[in-house]
Amino acid sequence: MADASNAAYVPAPLDVLRAKWGWIVALGVVYVIAGALALASVAMATVVSVLIVGFMMLLSGVAEVINAFQFKSWSKFLLWLFLGLLYVASGIITFMNPLLAAAVLTLLLGVTLIVSGIMRIVLAYSMKQGSPWIWVVVSGVLTLLLGLVIVSGWPVSSLYILGMFLGIDLVFVGAAWIGLGLGVKSQPATAPAA
Numbered sequence: 005m006a007d008a009s010n011a012a013y014v015p016a017p018l019d020v021l022r023a024k025w026g027w028i029v030a031l032g033v034v035y036v037i038a039g040a041l042a043l044a045s046v047a048m049a050t051v052v053s054v055l056i057v058g059f060m061m062l063l064s065g066v067a068e069v070i071n072a073f074q075f076k077s078w079s080k081f082l083l084w085l086f087l088g089l090l091y092v093a094s095g096i097i098t099f100m101n102p103l104l105a106a107a108v109l110t111l112l113l114g115v116t117l118i119v120s121g122i123m124r125i126v127l128a129y130s131m132k133q134g135s136p137w138i139w140v141v142v143s144g145v146l147t148l149l150l151g152l153v154i155v156s157g158w159p160v161s162s163l164y165i166l167g168m169f170l171g172i173d174l175v176f177v178g179a180a181w182i183g184l185g186l187g188v189k190s191q192p193a194t195a196p197a198a
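As structure tokens, then:
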């Protein structure tokens, strides 16, 4: 007969991760390789990322149109239908002309970074004395400069910015997964309670 204390043992989350550390590291390696490939061909990565955004817009638009039929009043029905059709049209335009979509998305990204940087700088100067406001200013200035670099190089920057951001993100996510996998492998196992 099995011991009742061992039958009730539920492994700790760290033990579950430790058992799969090799898979976690392998996932990280795949991410790093994908990121390196994206950085090696940023224009292709830009087109791929734009097509993924287009697919998501198309999918969201179809869901919005289906959702429109759930409303009983004409005003809400027409509003949801219009929003859904707008998403569908945007998704189709993205598929038809991914470079135009990349240019629009890059410009929006640059403008968003500029506005975000300005807002952070303003926020930093309204922070209380003694708080780490200088780091908020540094963050705001860097974000503002990044936005200005993107916008000043637009529309040419739209050929590589999105792909470059995708590649860098994939490399960092991959490095994080590798670090997690190796980190949990080195942790000692938790023994079941006696």
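Using this note's numbering, you'd call the opening residue of the sequence shown number 5 and step up by one each time.
Just so it is clear, CB atoms sit at the ideal spot from N, CA and C, and this is done for glycine as well.
Taking the CB atoms as reference points, tell me whether ALA150 and LEU109 lie closer together than 8 Å.
In the sequence shown, counting from the first residue as 1, residue 150 sits at position 146. In the sequence shown, counting from the first residue as 1, residue 109 sits at position 105. Here residue 150 turns out to be Leu, not Ala, going by the sequence shown. Against a cut-off of 8 Å, the Cβ pair of LEU109 and LEU150 comes out as no contact.
C-beta contact flag for VAL140 and LEU127 at 8 Å
Here residue 140 corresponds to residue number 136 of the sequence shown, with the count starting at 1. Here residue 127 corresponds to residue number 123 of the sequence shown, with the count starting at 1. LEU127 is positioned such that its CB atom lies closer than 8 Å to that of VAL140.
Report the residue from TRP25, LEU166, VAL20 whose alpha carbon sits nearest the alpha carbon of GLY187.
Numbered from 1 along the sequence shown, position 183 holds the residue referred to as residue 187. If we check each option's Cα against that of GLY187, TRP25 comes out closest.
Please tell me whether ALA67 and TRP84 are closer than 8 Å, where the distance is taken between their beta carbons.
Translated into positions along the sequence shown, residue 67 becomes position 63. Translated into positions along the sequence shown, residue 84 becomes position 80. With a cutoff of 8 Å on beta-carbon distance, ALA67 and TRP84 are scored as not near each other.
Is DSSP giving TYR164 helix, strand or coil here?
Taking the first residue of the sequence shown as position 1, residue 164 is located at position 160. Under the three-state reduction of DSSP, TYR164 is assigned to coil, being neither helix nor strand.
Check ASN71 in the structure and name its three-state DSSP category.
Stepping through the sequence shown from its first residue, residue 71 is reached at position 67. Helix at ASN71.
Candidates SER156, SER77, PHE59, ALA40: closest to GLY167 by CA position
Indexing the sequence shown from 1 puts residue 167 at position 163. The shortest Cα separation from GLY167 among SER156, SER77, PHE59, ALA40 belongs to ALA40.
Taking the alpha helix (DSSP H) that TRP158 falls in, what are its first and last residues?
Within the sequence shown, the letter at position 154 stands for residue 158. Segment: none, TRP158 is in no alpha helix (DSSP H) and carries neither H nor E.
CA-to-CA distance, LEU170 to SER53, given in whole angstroms:
Against the sequence shown, residue 53 aligns to sequence position 49. Against the sequence shown, residue 170 aligns to sequence position 166. So the alpha carbons of these two residues sit roughly 8 Å apart.
So, THR98 versus GLY121, is the Cβ gap smaller than 8 Å?
On the sequence shown, residue 98 is found 94 positions in, with the first residue counted as 1. On the sequence shown, residue 121 is found 117 positions in, with the first residue counted as 1. In this structure, GLY121 does not lie closer than 8 Å to THR98 by Cβ.
Between the C-alpha atoms of VAL153 and ILE165, what's the straight-line distance to the nearest angstrom?
Taking the first residue of the sequence shown as 1, we reach residue 153 at position 149. Taking the first residue of the sequence shown as 1, we reach residue 165 at position 161. Here the C-alpha atom of VAL153 lies approximately 10 Å from the C-alpha atom of ILE165.
Under 8 Å, do GLY88 and PHE59 count as touching if we go by C-beta distance?
Sequence index remark: in the sequence shown, residue 88 carries index 84 (1-based). Sequence index remark: in the sequence shown, residue 59 carries index 55 (1-based). Against a cut-off of 8 Å, the Cβ pair of PHE59 and GLY88 comes out as no contact.
Only counting the same chain, and skipping five residues up and downstream in sequence, which positions put a Cβ closer than 7 Å to that of ALA49?
Along the sequence shown, one-based indexing puts residue 49 at 45. Answer for ALA49: ALA42, GLY167, LEU170, GLY171, listed in chain order.
For the stretch 82 to 114, list the alpha helix (DSSP H) runs that are entirely contained and at least 4 residues long, ordered along the chain.
Within the stretch 82 to 114, no complete alpha helix (DSSP H) run reaches 4 residues.
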